[in-house]
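Below you'll find the structure, written out as structure tokens, and then a few comments.
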Amino acid sequence: MISLSAPDATMYWLSRRTRNDQFLLYCFAESTRDDSELRTEILDRCAGIPELRVRLRDDPTGLTYPAWIPAEPDPAQVVRHQLAAPSWPELLAAVGRSAGTGVDATQYPWLLHIFRGICDSPAPDAQVTVVVLQISHALVDGRGAARIARALFTQPVRSAGDLAAEGAATGRMARAAAPAAASPLRSLGAAAALPVGMVRTVRRGIGAARARRELDALTAAGRVPRPGGGYPSGPLNRPAEVTGHSVQMLVWPASEFRVPGLTVTVVGLTAVSIAVERYLRSRGAEVTRLGAQVPMALPPRPGIRNNYRSLGVDLGAGERDPLRRAAAIATELAARRERAGHPLLAAQDSVTAVLPPLLLRRDVHSYPIDTVPEQITGHTVVSSVNRGPADLAFGGAPVRFTGGFPALGAVMHLTHGIHGLGETVTLSVHADPGVVPDLDTYAGHLSDAVRELVRSAG
2 MISLSAPDAT MYWLSRRTRN DQFLLYCFAE STRDDSELRT EILDRCAGIP ELRVRLRDDP
62 TGLTYPAWIP AEPDPAQVVR HQLAAPSWPE LLAAVGRSAG TGVDATQYPW LLHIFRGICD
122 SPAPDAQVTV VVLQISHALV DGRGAARIAR ALFTQPVRSA GDLAAEGAAT GRMARAAAPA
182 AASPLRSLGA AAALPVGMVR TVRRGIGAAR ARRELDALTA AGRVPRPGGG YPSGPLNRPA
242 EVTGHSVQML VWPASEFRVP GLTVTVVGLT AVSIAVERYL RSRGAEVTRL GAQVPMALPP
302 RPGIRNNYRS LGVDLGAGER DPLRRAAAIA TELAARRERA GHPLLAAQDS VTAVLPPLLL
362 RRDVHSYPID TVPEQITGHT VVSSVNRGPA DLAFGGAPVR FTGGFPALGA VMHLTHGIHG
422 LGETVTLSVH ADPGVVPDLD TYAGHLSDAV RELVRSAG
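The opening residue of the sequence shown carries number 2 in this note's numbering; numbering runs sequentially from there.
The following block contains the structure:
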């Protein structure tokens, strides 16, 4: 079976209500190959990556979880864009427009956007090719998407024999899974099993309540860090409706982003902290507390592709010394990670894992994502992923840097990506222009904050 896990199904059902696709941008030197050669090569590579050879089959009754079924890559999934003015600002505008779209995983769980001949990029080349992988969050999380991109831009083209062998294996999986996903008998069986599922949910709920009490006791005894406090929503979180999408990228040599004793994630969080505070104050807002929602990868769990937990990290608003602010953020992040990684929290996750699909789907459909709650886990999102060495290529042309743009939503109208590739670090920004109308000004605050922090460290 290739049914979705509960976290992955949640991501799929949320995608029917809001845009939550992932967008991974890779900048390469301009290839000497023509478009048809590039298209043939990339489709051959897609055919060798199992995650890119599926689509989703949903159960209209809602009684079973959606399931992945085999589907060969379609040439329509590789989109060659022609820009009127192939410049870096026009490229960013086009990526922003794409960020406002969403794939339908039942048709195409991913798209590959290709932009060629782009001038004035942060890379040293006169012209570059930019490739953006747009991928359903139901298929993979940030680490999984980076792994797929690495396979897409490094693995050799498979031989006909390799593809035939993989096709036979995939065909066996299709014969096993596709009839089950489509069969009315499966839905009837799920309906009959609903009472059993409810019993399992109740039992695990009792266990989760017991684990919660134990965690509270350990917290009170000082053996586990206290949970992060919530924050009142601020100017970056209203209104609930997203009015549009704009993106910006700051590309740094890794040597100019490093601070001794601090991780790249903490340097990025500190820069975001300083930049957001300055930007809001410049617009007349009062800033007393700032928080960021930071995804934290969890150890692998069988069958779960979205394997992370979101942390609420205090950003030390008001601290004027950049290094002291960074140290406070590092301490806070470590405490949030320690608590989030405690085994007792796994008992609470186990409740959702056995929740009958019909109930989980109802909860996702009824969850009030169109309103901003009074208390939020953070005012912005900061997602940090190291995408490995810079040994990638597209059409024989080497990679220069990478970036990514976490989705916007009713609460988060400003999000950030921190992505390392080889000896570069990119700070990517995704904003709702209705909330951040002058994104270049905000990006300037980010750039200044990084330089100040590095300079403060000597």
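Built from N, CA and C at the ideal position, the CB exists for glycine as well.
These figures come from a predicted structure and were not determined experimentally.
In the three-state DSSP reduction, ASN387 falls in the strand class (E or B). The Cβ atoms of ALA336 and VAL288 lie no closer than 7 Å to each other. For the options TYR309, PRO296, THR264, HIS138, the alpha carbon positioned closest to that of ILE330 is the one of THR264. For TRP69, the closest of LEU112, LEU5, VAL80 by C-alpha to C-alpha distance is LEU5.
Where LEU112 is concerned, the enclosing beta strand (DSSP E) starts and stops at 111 to 120.
ARG56 carries a strand assignment under DSSP once its states are collapsed to helix, strand and coil. Scanning its chain for C-beta atoms nearer than 6 Å, with the 5 sequence neighbours on each side dropped, one finds around PRO123 the residues VAL252, in chain order. Taking every protein chain shown into account, the CB of HIS420 has 16 or more other CB atoms within 10 angstroms, so this residue is buried. Shown here for VAL295: same chain residues with a beta carbon closer than 6 Å to its own, the five before and five after excluded, namely LEU312, VAL314, VAL383 in chain order.
In this structure GLY229 does not touch HIS380 by the C-beta definition: roughly 13 Å separates them, more than the 8 Å allowed. Fully enclosed beta strand (DSSP E) runs of no fewer than 3 residues occupy 292 to 298, 309 to 315 of the stretch 287 to 333, in order along the chain. In this structure, VAL55 places its C-beta atom within 7 Å of the C-beta atom of ALA72. Short of 7 Å from the beta carbon of LEU409, and not among the five residues preceding or following it, lie these beta carbons of its own chain, in chain order: VAL243, HIS246, THR416, HIS431, ASP433. By the beta-carbon neighbour count (other beta carbons within 10 angstroms, threshold 16), TYR66 is buried.
If only complete runs of 3 or more residues are kept, the stretch 245 to 294 shows the beta strand (DSSP E) at 247 to 254, in order along the chain. Beta-bridge partners assigned by DSSP to VAL80: HIS114. A Cβ-Cβ contact shorter than 7 Å links TRP14 with VAL365. For SER4, there is no enclosing alpha helix (DSSP H), as DSSP marks it with neither H nor E.
Where PRO90 is concerned, the enclosing alpha helix (DSSP H) starts and stops at 89 to 100.
For THR442, the uninterrupted alpha helix (DSSP H) segment begins and ends at 440 to 457.
Here the alpha carbon of CYS47 sits roughly 11 Å from the alpha carbon of ARG151. Each residue's CA atom was taken as its position, placing PRO8 and ARG306 some 8 Å apart. About 6 Å separates the Cβ atoms of VAL96 and VAL133, confirming a contact at the 8 Å cut-off. Looking only at PHE402, ARG321, ALA286, the smallest Cα-Cα distance to ILE275 is reached by ARG321. Pairing GLU257 with THR427, the inter-Cα distance amounts to about 11 Å. Exposed is the label assigned to THR372, since fewer than 16 other Cβ atoms lie within 10 Å of its Cβ. In this structure, the straight-line span from the alpha carbon of THR130 to that of VAL260 is close to 31 Å. The continuous beta strand (DSSP E) containing ARG401 extends over residues 398 to 405. It is roughly 21 Å from the alpha-carbon of PRO374 to the alpha-carbon of ARG362.
Rounded to the nearest angstrom, the gap between the Cα atoms of ARG40 and VAL79 is 7 Å. For the pair SER385 and THR266, the CB atoms are nearer than the 7 Å cut-off. Of the candidates SER16, ARG326, PRO303, ALA341, ALA341 places its Cα closest to the Cα of MET297. The continuous beta strand (DSSP E) containing HIS417 extends over residues 415 to 422. In the three-state reduction of the DSSP assignment, TYR27 falls in the strand class. Burial check for THR33: the Cβ neighbour count within 10 Å stays below 16, so the residue is exposed. The secondary-structure analysis by DSSP pairs TRP69 across a beta bridge with LEU57.
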